[in-house]
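J.:
Number of protein chains: 2
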Amino acid sequence: MIQAIDRAAKVLELLQGSRHLGITDLAAALQLPPSTVHGIVSSLREHGLVAKERGGQRYMLGPTLLKLSSVYLDSLDVRARSMRWTQELARRTGMAVRLGAPHFAEVLVIHHVLRPDDSPQMLETGAALPAHASALGKVLLAHDLGFQRAVFAETLPSLTGETVTDAAVLAGALPAIAEHGFATEVDEAVLGESSLASPVADARGDIVAAVAVVFPTADGPAPDAVLHALRDAARNISRELGASTWPPRIAPADD
Amino acid sequence: MIQAIDRAAKVLELLQGSRHLGITDLAAALQLPPSTVHGIVSSLREHGLVAKERGGQRYMLGPTLLKLSSVYLDSLDVRARSMRWTQELARRTGMAVRLGAPHFAEVLVIHHVLRPDDSPQMLETGAALPAHASALGKVLLAHDLGFQRAVFAETLPSLTGETVTDAAVLAGALPAIAEHGFATEVDEAVLGESSLASPVADARGDIVAAVAVVFPTADGPAPDAVLHALRDAARNISRELGASTWPPRIAPADD
DNA sequence: GAATACATTTCGTTAATGTCGAATATGCGA
DNA sequence: TCGCATATTCGACATTAACGAAATGTATTC
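Protein sequence lines correspond, in order, to chains D and X.
The first sequence maps to residues 1 to 255 in the UniProt record's numbering.
The second sequence maps to residues 1 to 255 in the UniProt record's numbering.
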């Protein structure tokens, strides 16, 4: 691990958490002298990875990250092949659809189809969901041992009154999820929001992502038709990726 | 400029250009020994900035970039305040709307509203447009001397038969653009695509972005109503940012 | 299925590199 | 306008990361 790169990445992570920070703030957080931090920040700045806020003397994340992430999204095979199926899933169910992948101890939303009505909605691509309190997370946990390791390494924070914070309870539910090929979640991450997720496998049989439909808890439990549509979508995406069997097997920890 | 960070950023830029690269490819491009490149890549990998492609032995951009860029977008004041006005502009004109900002010698699309019909369209947020061949770029060039310097430092590539590749010709058109408060472009970047852009200023009177409407060249020149709607949007966004005058003055080079 | 070629990783040494602390410049609040 | 708290610059030092060769691992070819 190269020290300078590690520190640079930590600067980006700090700016991710706090939007705007001065050199002094960063230096305090990293326990480094301000001059050192300044060197790191100005190096990042020359590449547009960090930007100075207009007028002020604090720093924020830079525009180059946007360009890089857009190429990242384009390079994702799962995402490209999911496109039409997630679109169709949203249309069939009338619900918002998310495609998520493991990212350290969280689930990263790599694609999002808005609910097909005209209500104002935010695009959630790039958002990080709690692994233990989302249907996407549970599905991924059930099939990916490496992801389990990452998630269970830390305590599970409570987000609503419904959040499952006991790792043993969560772990106990995973085998059934893997067997049935879907997971549910009701009010566990956001009050009033429920979701239903199913795994996506690739040609090697590994779980590379999960698809979910998201709907208001007030609408009551999702009807069977929704579950079928979800499973269809997950199966179709998996098939396009070259998967031969579905629902898929449990993948070993990848390193 | 810290060497290791510079090299790390160059690795990200190379992966941005070529999607998938092996250590050897990167080493050749950077003129560095493979072992050195490996150290850089694995450091980036630990932070999720670079990922190993599934199964293969090559590397690609990593998911952390997506998370970072999503925070970057949220931290952009211009973007947040543009939201409703760009939405309304798309509705009024029936055209796709882009919000762009200078990024080195290109224009980075920081917000995109799809054309309000049901045709399948790609979200272009994060795309980089050529500064000399887009209405957004011309507007930004007209008001931002620092951006001019960056763009005119290199030769202007021809993208279609209509692209203006002569820097002197382009520079000659800028004063009129600054005076009238809008720029046009017809088939200069993509055949069959035209656009019309107008500048957005902040409280200090600096140009921080530009708004554009994009439409098929086949539809003929945009009617005055579209230009008015565009200028309204640009003026409203600028006002929300605290700008006192519009169209805005020419901003000096910022460093 | 075996062997070859290639790509990737590891290791120890060297000197180049990045770190640090003091001094200067700049911006912010009173 | 002044004073304080930041950000920034600079040069010496010592840690650190670069390098090259050799070992391991992985695809590819026949």
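We treat Cβ as the ideally placed atom computed from N, Cα and C, and that holds for glycine.
With burial defined as no fewer than 16 other Cβ atoms inside 10 Å of the residue's Cβ, what is the status of residue 257 of chain D: buried or exposed?
T.: Since the first residue of chain D shown is 1 and the last is 255, residue 257 of chain D is not available in this structure.
J.: Please report how far the alpha carbon of residue 87 of chain X lies from the alpha carbon of residue 140 of chain X, in whole angstroms.
T.: If I take the Cα positions, the gap works out to 21 Å.
J.: Take residue 102 of chain X and list the residues in its own chain whose beta-carbon comes closer than 7 Å to its own, dropping the five residues that flank it on each side.
T.: Excluding residues within five positions, the ones whose Cβ falls inside 7 Å are 140, 144, 147.
J.: Taking the continuous beta strand (DSSP E) assigned at residue 54 of chain X, which residues delimit it?
T.: That residue, residue 54 of chain X, is in no beta strand (DSSP E); it is neither H nor E in DSSP.
J.: For the alpha helix (DSSP H) containing residue 296 of chain D, name the first residue and the last one.
T.: Residue 296 of chain D is absent from the structure shown; chain D starts at 1 and stops at 255.
J.: Does DSSP put residue 164 of chain X in a helix, a strand or coil?
T.: In the structure shown, residue 164 of chain X sits in coil (DSSP, three-state: anything other than H, G, I, E or B).
J.: So who's on the other strand from residue 95 of chain X, going by DSSP bridges?
T.: Per DSSP, none; premise fails for residue 95 of chain X.
J.: Using a cut-off of 8 Å between C-beta atoms, extract the partners of residue 16 of chain X located in chain D.
T.: Chain D residues near residue 16 of chain X: 67, 68, 71.
J.: Does the distance from the C-beta atom of residue 210 of chain D to that of residue 198 of chain D stay below 8 Å?
T.: Cβ atoms of residue 210 of chain D and residue 198 of chain D: closer than 8 Å.
J.: Please name the residue in D:39, D:55, D:60 whose C-alpha comes closest to that of residue 49 of chain D.
T.: The shortest Cα separation from residue 49 of chain D among D:39, D:55, D:60 belongs to D:60.
J.: Output, in sequence order along the chain, the residues in the region 223–237 of chain X whose CB is closer than 9 Å to any CB in chain D.
T.: Those residues of the region 223–237 of chain X that come within reach of chain D (Cβ to Cβ, closer than 9 Å) do not exist; the list is empty.
J.: Could you compute how far the alpha carbon of residue 12 of chain D sits from the alpha carbon of residue 182 of chain X?
T.: Each residue's Cα considered, the two are about 36 Å apart.
J.: Is residue 92 of chain X close to chain D? Criterion is C-beta to C-beta, closer than 8 Å.
T.: No, no contact with chain D.
J.: Kindly indicate if chain X contains any beta-carbon less than 8 Å away from that of residue 245 of chain D.
T.: Chain X, which has no Cβ nearer than 8 Å to the Cβ of residue 245 of chain D, makes this no.
J.: My parser needs the beta strand (DSSP E) runs of 3 or more residues fully inside the region 130–213 of chain D; what are they?
T.: For the region 130–213 of chain D, whole beta strand (DSSP E) runs of length 3 or above, ordered along the chain, are 183–186, 193–201.
J.: Against chain D, which members of the region 123–134 of chain X pass a CB distance test of less than 9 Å?
T.: Flagged, chain order: 123, 124, 125, 126, 127, 128.
J.: Just verifying my parser: in three-state terms, what is the DSSP assignment at residue 47 of chain D?
T.: Coil.
J.: May I have the straight-line CA-CA distance separating residue 180 of chain D from residue 41 of chain X, to the nearest angstrom?
T.: The alpha-carbon atoms of residue 180 of chain D and residue 41 of chain X are separated by roughly 39 Å.
J.: I want to know whether the region 11–31 of chain X touches the region 233–246 of chain D - three or more CB-CB distances under 8 Å.
T.: With a cut-off of 8 Å, the region 233–246 of chain D and the region 11–31 of chain X do not count as touching, because too few Cβ pairs lie within range.
J.: Is the CB of residue 259 of chain D under 8 Å away from at least one CB in chain X?
T.: This structure does not reach residue 259 of chain D, given that chain D is present from 1 up to 255, and the question cannot be answered.
J.: Given that residue 2 of chain D touches chain X, what residues does it touch there, using C-beta distances under 7 Å?
T.: Result: 4, 39, 40, 43.
J.: Taking 8 Å as the threshold (C-beta atoms), are residue 2 of chain X and residue 4 of chain D in contact?
T.: Result yes, Cβ atoms of residue 4 of chain D and residue 2 of chain X sit closer than 8 Å.
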